[in-house]
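Chemist:
In our numbering, the protein residues as written are -16 to 99.
Next up, the structure:
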């Protein structure tokens, strides 16, 4: 089995106290998730899981990956995981997803890199 990346999306760069200050990081993550699904022409129901690499989770609440999934209107059945690691957490989400897909445990995974 091969693993391929079929879509991508990101939020705009922002500055501290700027125009996006009223939004939580999980809300912005939800926007990027919805856009990536739209670009790939996938429905939220097709998603098996979401893995999020988080550089700094402090102040974000519990399970930021679940929060972002909620903001993206993913079904509650979608499993989420947050990797809380200062460096390369986004890359670790990619390697974990590759392993999960090649083992046949999932078909479609969403990967999120989260740098507050």
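Idealized CB from N, CA, C, for every residue including glycine.
For residue 91 and residue 76, I'd like the C-alpha separation in whole angstroms.
Modeler: Taking the chain shown and counting its residues from 1, the one referred to as residue 91 is at position 108. Taking the chain shown and counting its residues from 1, the one referred to as residue 76 is at position 93. Approximately 13 Å between the Cα atoms of the pair.
Chemist: Roughly how many whole angstroms lie between the Cα atoms of residue 105 and residue 97?
Modeler: Given a span of -16 to 99 for the chain in the structure shown, any question on residue 105 remains unanswerable.
Chemist: Got a sec? Which residues, its chain only, sit under 6 Å from residue 22 by beta carbon, not counting five neighbours each side?
Modeler: In the chain shown, the residue the question calls residue 22 occupies position 39. So the list reads -10, once near-sequence residues are dropped.
Chemist: Are the stretch 31 to 40 and the stretch 56 to 65 touching, with three or more C-beta to C-beta distances below 8 Å?
Modeler: Because the criterion of three Cβ pairs below 8 Å is met, the stretch 31 to 40 and the stretch 56 to 65 touch.
Chemist: Looking at the unbroken beta strand (DSSP E) that takes in residue 35, where does it start and where does it end?
Modeler: Walking along the chain shown from the start, residue 35 turns up at place 52. Start and end: 32 to 37.
Chemist: Under a three-way DSSP split, which group does residue 96 fall into?
Modeler: Counting from one through the chain shown, the residue named residue 96 turns up at place 113. Three-state result, residue 96: strand.
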